[in-house]
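Numbering (the working numbering), first residue to last: 201 to 268.
Below: the structure, in structure tokens.
So this is what it looks like as structure tokens:
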């Protein structure tokens, strides 16, 4: 981006996507049906992600635009 094209203050909009594991954890905790699969091996037991710890996601600090 050429120098001088931006104003002194600008707004940058970002869309941060959720890690799929965090989405599954949320659905499990709220009891929302989401599974479209079944394990064939009976020794596995029922899948349950409600006790998983959510993974860190998102921006870790302010976004800075710089020119080179």
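The beta carbon of each residue, even a glycine, is placed where N, CA and C say it ideally should be.
Note that the structure is predicted; figures quoted are calculated from it, not measured.
Judged by beta-carbon spacing, residue 216 lies beyond the 8 Å limit of residue 255, meaning their Cβ atoms are not closer than that value.
Where residue 207 is concerned, there is no enclosing alpha helix (DSSP H), because DSSP gives it neither an H nor an E.
Per DSSP, the continuous alpha helix (DSSP H) segment holding residue 227 begins and ends at 220-230. In the same chain as residue 250, and ignoring 5 residues on each side of it, the C-beta atoms closer than 6 Å to its own belong to 228, 229, in chain order.
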